[in-house]
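Those protein sequence lines, which keep their order, are chains A and B.
Everything in the first sequence is counted per the numbering used here, starting at 33 for the first residue and increasing by one.
Everything in the second sequence is counted per the numbering used here, starting at 2 for the first residue and increasing by one.
Glycine included, C-beta positions come from ideal geometry on N, C-alpha and C.
Okay, so here's the structure we're looking at.
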Amino acid sequence: MAVAGKKEDNNLPRRRMLAWLSSVGLFGSAVLAAVSDLVFFKPRVTYSPSARFSIGKPDDFPPGTRISRDVDRVCIVREGNRVAAISTTCTHLGCIVSIADTGFSCPCHGSRYDQDGTVTGGPAPKPLPWFKVTLAPNGEIEVDKNTTIEPGTYFTV
Amino acid sequence: MSIQTPEKSAAPAGVWSALKELPSNVWSSVFRNPVPSTDLERASTSFTNFFLHIHPVKVNRNTLRPGYTLGLGLISLFLFFILVATGILLMFYYVPSTSQAYDRMLDLRGTVAFGIFLRNMHRWSAHGMVAMVFLHMCRVFLTGSYKKPREFNWVIGVLLLLVTLFLSFTGYLLPWDQLAFWAITVGTSIAGYAPLIGKQMQFVLLGDTTVGQEALLRFYVLHVAVLPAVLVTLVGIHFWRIRKDGGLSRPEEAPKLKAAPVVVKTRIYGLQGFVRGPFTKVGNTPEDSVFSWPNLLMAELFVFVLTVSLILVVSLMFNAPLEQPVNVMHPPNPAKAPWYFLGLQEMVSYSAFWGGIGIPGIMVALLLVVPYIDRGTQGVGRWFARERLLANTLFLTLVTLNIIFIIIGTFFRGPNWSFVSPF
Numbered sequence: 033m034a035v036a037g038k039k040e041d042n043n044l045p046r047r048r049m050l051a052w053l054s055s056v057g058l059f060g061s062a063v064l065a066a067v068s069d070l071v072f073f074k075p076r077v078t079y080s081p082s083a084r085f086s087i088g089k090p091d092d093f094p095p096g097t098r099i100s101r102d103v104d105r106v107c108i109v110r111e112g113n114r115v116a117a118i119s120t121t122c123t124h125l126g127c128i129v130s131i132a133d134t135g136f137s138c139p140c141h142g143s144r145y146d147q148d149g150t151v152t153g154g155p156a157p158k159p160l161p162w163f164k165v166t167l168a169p170n171g172e173i174e175v176d177k178n179t180t181i182e183p184g185t186y187f188t189v
Numbered sequence: 002m003s004i005q006t007p008e009k010s011a012a013p014a015g016v017w018s019a020l021k022e023l024p025s026n027v028w029s030s031v032f033r034n035p036v037p038s039t040d041l042e043r044a045s046t047s048f049t050n051f052f053l054h055i056h057p058v059k060v061n062r063n064t065l066r067p068g069y070t071l072g073l074g075l076i077s078l079f080l081f082f083i084l085v086a087t088g089i090l091l092m093f094y095y096v097p098s099t100s101q102a103y104d105r106m107l108d109l110r111g112t113v114a115f116g117i118f119l120r121n122m123h124r125w126s127a128h129g130m131v132a133m134v135f136l137h138m139c140r141v142f143l144t145g146s147y148k149k150p151r152e153f154n155w156v157i158g159v160l161l162l163l164v165t166l167f168l169s170f171t172g173y174l175l176p177w178d179q180l181a182f183w184a185i186t187v188g189t190s191i192a193g194y195a196p197l198i199g200k201q202m203q204f205v206l207l208g209d210t211t212v213g214q215e216a217l218l219r220f221y222v223l224h225v226a227v228l229p230a231v232l233v234t235l236v237g238i239h240f241w242r243i244r245k246d247g248g249l250s251r252p253e254e255a256p257k258l259k260a261a262p263v264v265v266k267t268r269i270y271g272l273q274g275f276v277r278g279p280f281t282k283v284g285n286t287p288e289d290s291v292f293s294w295p296n297l298l299m300a301e302l303f304v305f306v307l308t309v310s311l312i313l314v315v316s317l318m319f320n321a322p323l324e325q326p327v328n329v330m331h332p333p334n335p336a337k338a339p340w341y342f343l344g345l346q347e348m349v350s351y352s353a354f355w356g357g358i359g360i361p362g363i364m365v366a367l368l369l370v371v372p373y374i375d376r377g378t379q380g381v382g383r384w385f386a387r388e389r390l391l392a393n394t395l396f397l398t399l400v401t402l403n404i405i406f407i408i409i410g411t412f413f414r415g416p417n418w419s420f421v422s423p424f
């Protein structure tokens, strides 16, 4: 009896240790599985058009132009020989803002912006971002929606 | 040896009599009981039938009072049945592709037999289910039924409300019409306002930066597979807990009835030893309980027939709306979410974070913890109990506010979300 009792005492911590290790292993696997699910659900590539695109020659936009390109969700502004691309995605909830006499207005929740995209009314929390504009080697204006620039910064063509 | 001879000669007669008894043998092998005529058979019918054994053998009379439950939970369940049936049928003709989805909607109208009718049933049942689940929650609150021991079942119920809303939301995108596209654009932008993980969550939900093919496919899979599976699981737990928490809530019995429990605690029979807490039979004296067959079954059948007939009539009378196909360039003005989210959209028009995430988050959190905060035991099982005046008043205030916001969003908002009068 004494021997058996002693044997049990010796085994108990080892069993506890093994049980504890197995639990950690199982729980860890579950966490890993959950994390890998998240990795799975976040797409590595998207099928939408590139965020960097050319919009045409500078001559297509005569001075004084304010054209909303809804497909690209940018508004091309040309004043004199200066060009800028202002986002037309409402900073509130992502609707497309339309050009109004005073600037831009959003049809979804009534946000209003001035000519430069600064918020003048409604629920929009941030001004409309301006995107980087460059001249591609082939002479076309290129807009890069991945890069926002300081509002009021124009590109001279 | 001498026994075998008569058996062999009797064999043809045995087969003949087996054939003669075949129908009744098959019947009795499927249905173990005759149509019940005694109490023992009534009990045994509920007990041995797979589809009926979800019921207790006997239910409290209070459970069957139409004025107490209003049948709201059952109506929600039956609407879900209709949604599953019509949804599976619609799946046979639907393609989750931006180039085909809208055409398939037109096909449902034009060429598919009963297509328009099935779509109407699915749409109106979905609206009905959102409303009924919400009203069911109101009933449970206003009768104090979330109190101990039913706290956790209330939590499951709140989760079920959220899953129901999410099911409606994902289903909204599938027709790929203007309403669908812009409602989802607005809705997923709200998700983008969540702190820290908002933008990531929006990207994972849409599978892209804007609502497009990836979003349509993701919403489709969520709508037809993931969310229904979650909902069925939760409904299973919800129903199981009703039984284990002692049946539907009811007013406390008079003390003399309580003194006569059927189960004697000192005696344990096998698995019954695991039964702790309130047992279904406690307090169910013969006077205040009735057999599930046929009383509960008839009540359920009545609610079922009523629900199905109502949906059929509504689907015959009104067609589910279908707007113009998606035009990414031109959002409708105003772009409105489905009615049950218009209260949310109205709040979002004041502040995107507080309206879309902050206040709804606090509301859901309050709903989840209310049974763990309101620990009073008074006023359970009665509508608008005087002892629960404070809790009921607070709850009704929040419900009324939400309804007011929905009404403002639905009727008083015009182009650019400016205030208009509907009169």
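Helix, strand or coil at residue i according to DSSP, with G and I counted as helix
{"i": "B/F81", "result": "helix"}
{"i": "B/D246", "result": "coil"}
{"i": "B/P326", "result": "strand"}
{"i": "A/A34", "result": "Bear in mind that the predicted position of A/A34 carries a pLDDT of just 49, short of 50, making it unreliable; the figure below should be weighed with that in mind. A/A34: helix per DSSP, three-state reduction."}
{"i": "B/G213", "result": "coil"}
{"i": "A/W52", "result": "helix"}
{"i": "B/V64", "result": "The amino acid at residue 64 of chain B is misidentified as Val; the sequence shows Thr. It is helical."}
{"i": "B/Y69", "result": "helix"}
{"i": "B/I185", "result": "helix"}
{"i": "B/I1", "result": "Because chain B spans 2 through 424 in this model, residue 1 of chain B falls outside it and cannot be assessed."}
{"i": "A/T188", "result": "strand"}
{"i": "B/V31", "result": "helix"}
{"i": "A/D148", "result": "coil"}
{"i": "B/K21", "result": "helix"}
{"i": "A/E174", "result": "strand"}
{"i": "A/D69", "result": "helix"}
{"i": "A/A62", "result": "helix"}
Beta carbon of residue i nearer than 8 angstroms to that of residue j
{"i": "B/L63", "j": "B/G382", "result": "In the sequence as presented, Leu is not what sits at residue 63 of chain B; that position holds Asn. For B/N63 and B/G382, yes; Cβs fall inside 8 angstroms."}
{"i": "A/I118", "j": "A/C107", "result": "yes"}
{"i": "B/V131", "j": "B/L166", "result": "yes"}
{"i": "B/L143", "j": "B/N403", "result": "no"}
{"i": "B/H224", "j": "B/G188", "result": "no"}
{"i": "A/T123", "j": "A/K177", "result": "no"}
{"i": "B/L368", "j": "B/V134", "result": "no"}
{"i": "B/V315", "j": "B/D178", "result": "no"}
{"i": "A/R105", "j": "A/Y186", "result": "no"}
{"i": "B/G410", "j": "B/L343", "result": "yes"}
{"i": "B/I185", "j": "B/A353", "result": "no"}
{"i": "B/L163", "j": "B/L228", "result": "no"}
{"i": "A/P139", "j": "B/P335", "result": "yes"}
{"i": "B/I76", "j": "B/V304", "result": "yes"}
{"i": "A/S86", "j": "A/A168", "result": "yes"}
{"i": "B/V58", "j": "B/F292", "result": "yes"}
{"i": "B/L218", "j": "B/P97", "result": "yes"}
{"i": "B/S47", "j": "B/H56", "result": "yes"}
Terminal residues of the alpha helix (DSSP H) in which residue i lies
{"i": "B/D104", "result": "102–111"}
{"i": "B/I363", "result": "360–374"}
{"i": "A/T97", "result": "Counting along the chain, A/T97 falls outside any alpha helix (DSSP H), and DSSP gives it neither H nor E."}
{"i": "B/D1", "result": "Here chain B covers residues 2 to 424 and nothing more, so residue 1 of chain B does not appear."}
{"i": "B/V315", "result": "293–318"}
{"i": "B/R140", "result": "116–143"}
{"i": "B/I157", "result": "152–174"}
{"i": "B/I404", "result": "390–412"}
{"i": "B/R415", "result": "Residue 415 of chain B is actually Gly in this sequence, not Arg. First-last for B/G415: undefined, no H or E at that position."}
Start and end residues, beta strand (DSSP E) containing residue i
{"i": "A/C107", "result": "106–111"}
{"i": "A/I118", "result": "114–119"}
{"i": "A/W162", "result": "162–167"}
{"i": "B/F1", "result": "Since the first and last residues shown for chain B are 2 and 424, residue 1 of chain B lies out of range."}
{"i": "A/G135", "result": "135–137"}
Check each residue of the segment 121–143 of chain A: if its Cβ is closer than 7 angstroms to any Cβ of chain B, include it; give the result in chain order. H124, L125, G126, C127, I128, S137, P139, C140, H141, G142
When you check each C-beta in the segment 168–192 of chain B against every C-beta of chain A, which residues fall closer than 9 angstroms? W183, T186, V187, G188, T189, S190, I191
For the segment 54–77 of chain A, which residues have a CB atom closer than 9 angstroms to at least one CB atom of chain B, in sequence order? L70, F73, K74, P75
Going along the segment 390–420 of chain B in order, which residues come within less than 8 angstroms of chain A, judged by CB to CB distance? P416, N417, W418, S419
Chain B contacts from the segment 159–173 of chain A (Cβ-Cβ distance under 9 angstroms): none
Would you call the segment 146–158 of chain A in contact with the segment 60–76 of chain A, where contact means no fewer than 3 C-beta pairs closer than 8 angstroms? no
Three Cβ pairs or more, each shorter than 8 angstroms: is that satisfied between the segment 293–302 of chain B and the segment 52–62 of chain B? yes
Interfacial residues, the segment 203–214 of chain B to chain A, with Cβ spacing under 8 angstroms: F204, V205, G208, D209, T210, T211, G213, Q214
Three or more beta-carbon pairs under 8 angstroms between the segment 70–80 of chain B and the segment 114–122 of chain B, yes or no? no
Report the residues of the segment 326–346 of chain B with a CB closer than 8 angstroms to any CB of chain A, ordered along the chain. V329, M330, H331, P332, P333, N334, P335, A336, Q346
What residues from the segment 346–365 of chain B come within 9 angstroms of chain A, judged by C-beta to C-beta, listed N to C? Q346, V349, S350, Y351, S352, A353, F354, G356, G357
According to a CB-to-CB cut-off of less than 8 angstroms, which residues of the segment 89–103 of chain A neighbour chain B? D102, V103
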